[in-house]
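Working notes, beginning with the structure itself.
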Amino acid sequence: MTKGIRAWAVVLAIWGSAAAAENAPRPTLAVMDLEAKGPPPLQVEAVTAGVVRGIRELDVFNVLAAEDVRQLLAIERSRQLLGGDASAKLPLVDVLGARDTVVGTVRGTADALTVELRLLDTASQKVRAEKTLGPAPLQQVLKDVGGIAQELLGPLLQEQQGRLVVQASEEGAELRVDDVLRGSTPLKEPLTLPRGTHRLEVRKDGFITAIEPVQIQPDATAVKELRLVPSPDYAEAWKQRHGRLRVGAWISTVVAVGAIGGAVFLDRTADTAYRQEFLPRKYALDGTGGSTLSDPEQQRVFAQCLTDQRTVCTEQTRAVAGDIAARQYGTIGLASLGAIATGVAAYLWLTGEDPNRYSKLVAGVTLGSTNGFAVAGSF
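So in numbering that gives the first Met the number 0, spot 270 of the sequence shown is number 269, and the numbers just go up one at a time.
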């Protein structure tokens with residue numbers, strides 16, 4: 000009873016910690032309007048929007064754009080005018096709930112804009128990180144400013160990290176997170192990633208690339224299981240190759256068993272011929288050792304050799320010796336063949352895999368009714 004209660008307590012503790020990690024509040028980040036020093040206001044607004052969009056793509060922070068900040072400040076100002084203590088001004092971090100703020104400037108002209116971004120600690124106004132983009136044309140700046148904004152938040156992302164365990168159905172597949180190669184399957188240890196939604200991608204030649212989003216929470220471990228679906232050509236090539244290996248393994252095994260069995264048979268028959276055919280005749284020709292023969296067959300051959308002419312017994316002895324030598328050579332040959340076949344069979348069994356591994360898991364591409372396409376599989 001006590002063990003059962005403890006087990007339930009452990010389960011509830013794990014569930015509670017996982018739920019707490021999933022419900023962990025997102026930190027608030029304020030993004031102020033970038034200061035214009037040369038470019039037209041519309042261009043600066045476009046760059047500012049690119050910064051906000053890039054940060055929101057991280058899916059880590061509650062992002063307050065400049066308009067949101069202005070509204071919150073207006074609400075706080077109204078609160079003070081309607082009865083609050085106007086002299087007791089709250090710090091910006093208390094008004095916005097944002098520990099950190101992104102500020103910056105845009106310099107130059109549309110053909111050569113330079114964007115300077117700074118990450119400020121809202122309370123102390125200290126600069127935590129800086130990034131510069133350009134000079135570059137406006138279109139290039141709008142394309143790259145989101146990524147630069149994400150890099151600017153590196154110190155904040157390092158503070159909120161989680162772990163990712165990837166379990167893929169195939170070994171040796173490339174594992175990419177947010178288009179960055181992070182290793183191959185199976186992973187030796189969990190990946191450490193900043194909080195937020197990441198793009199998990201698993202690639203392997205001959206397989207349909209698996210792409211799935213994964214949500215990382217601070218101080219929590221996310222587990223993602225992915226099954227790679229092979230293309231029809233790859234599945235057919237696999238079946239043919241490993242089918243040949245499997246047939247070769249069976250043939251080598253049969254040859255090994257037959258050769259080793261034949262070697263054992265020849266060795267035993269050669270030993271019997273030596274004891275019952277050769278040895279009694281040798282004793283009879285030498286005139287010694289007959290008293291040591293206890294087997295009835297040995298005694299019969301010994302007596303027969305004594306009654307036959309010596310030349311006849313000698314010829315029979317030579318014939319038996321030749322037969323024994325042939326069987327011994329056959330034993331050596333079959334044993335060698337058996338050893339080679341055993342090695343080949345072991346290699347083929349170890350390197351070959353189930354030819355039907357992908358028979359029920361084949362990917363195909365079909366056209367949809369709206370000119371799209373779909374990946375289908377037989378599982």
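Each residue gets a CB set at the ideal place from its N, CA and C atoms; glycine is no exception.
Burial state of residue i (16 or more Cβ within 10 Å)
i       : result
Ser-290 : exposed
Lys-203 : buried
Arg-194 : buried
Leu-116 : buried
Thr-350 : exposed
Ala-167 : buried
Glu-200 : buried
Gly-321 : exposed
Leu-347 : buried
Leu-180 : exposed
Pro-295 : exposed
Gln-298 : exposed
Glu-188 : exposed
Gln-42  : buried
Pro-90  : Confidence at Pro-90 is low in this model, with a pLDDT of 49, below 50, so its placement is unreliable and the value that follows should be read with caution. Burial call: exposed.
Val-228 : buried
Val-30  : buried
C-alpha gap between residue i and residue j, whole angstroms
i       : j       : result
Val-343 : Arg-245 : 12 Å
Ala-65  : Ala-122 : 18 Å
Val-105 : Pro-134 : 10 Å
Gln-303 : Ala-269 : 21 Å
Leu-278 : Ala-318 : 13 Å
Glu-129 : Gly-145 : 14 Å
Ile-207 : Arg-162 : 25 Å
Gln-315 : Phe-264 : 23 Å
Leu-33  : Val-114 : 9 Å
Ala-272 : Thr-252 : 30 Å
Leu-155 : Gln-138 : 28 Å
Arg-240 : Val-254 : 21 Å
Leu-28  : Gly-242 : 59 Å
Asp-266 : Thr-184 : 51 Å
Gly-329 : Asp-285 : 29 Å
Thr-306 : Thr-287 : 15 Å
Chain-order list of residues whose beta-carbon lies under 8 Å from that of residue i (same chain, five-residue window excluded)
i       : result
Ser-358 : Ala-234 and Lys-238
Ala-248 : Ala-344, Leu-347, Trp-348 and Gly-351
Leu-119 : Asp-99, Thr-100, Val-101, Val-102, Lys-125, Val-126 and Arg-127
Lys-223 : Leu-163, Val-164, Val-165, Gln-166, Leu-199, Glu-211 and Val-213
Asp-143 : Leu-132 and Ala-135
Asp-178 : Arg-198 and Glu-200
Assigned secondary structure, residue i (DSSP; H/G/I helix, E/B strand, else coil)
i       : result
Glu-150 : helix
Phe-60  : coil
Thr-104 : strand
Gly-321 : helix
Ala-122 : coil
Ala-109 : coil
Glu-129 : strand
Val-94  : Bear in mind that a pLDDT of 49 at Val-94, under 50, signals an unreliable position, so the number given afterwards is only what the model happens to contain. Val-94: helix per DSSP, three-state reduction.
Ala-255 : helix
Ser-335 : helix
Arg-202 : strand
Ala-167 : strand
Glu-44  : helix
Lys-383 : Given that the chain is displayed from residue 0 to residue 378, the structure contains no residue 383 and the question cannot be resolved.
Glu-115 : strand
Arg-194 : coil
Thr-291 : helix
Ala-209 : strand
Lys-281 : helix
Leu-28  : strand
Thr-330 : helix
Pro-231 : helix
Asp-307 : coil
Thr-184 : coil
Gln-214 : strand
Glu-224 : strand
Val-352 : The question names Val, but residue 352 in the sequence shown is Glu. The answer is coil: DSSP assigns Glu-352 none of H, G, I, E or B.
Leu-174 : strand
Nonlocal neighbours in the same chain, by C-beta distance under 7 Å from residue i, ignoring five residues either side
i       : result
Ala-45  : Leu-141
Phe-301 : Pro-279, Tyr-282, Ala-283, Gly-289 and Leu-292
Val-25  : For the record, residue 25 in the displayed sequence is Arg; it is not Val. The answer, listed in chain order, is Val-59, Phe-60 and Asn-61.
Gln-327 : Ala-269
Pro-38  : Val-105, Gly-107, Thr-108, Ala-109 and Leu-112
Ile-323 : Ala-269, Ala-272, Tyr-273 and Phe-277
Gly-337 : Ala-255, Ala-258, Ile-259 and Ala-262
Thr-341 : Ala-255
Contact set for residue i: own chain, Cβ-Cβ below 6 Å, skip 5 residues either direction
i       : result
Ile-147 : Lys-130 and Leu-132
Glu-276 : Val-319
Leu-225 : Ala-167, Val-201 and Ala-209
Leu-190 : Leu-163 and Arg-181
| message | If contact is defined by three or more beta carbon pairs under 8 Å, each pair taking one atom from either stretch, is the segment 42-61 in contact with the segment 162-173? | response | no
| request: Count the CB pairs spanning the segment 327-336 and the segment 254-264 that are closer than 8 Å, and state whether there are at least three. | output: yes
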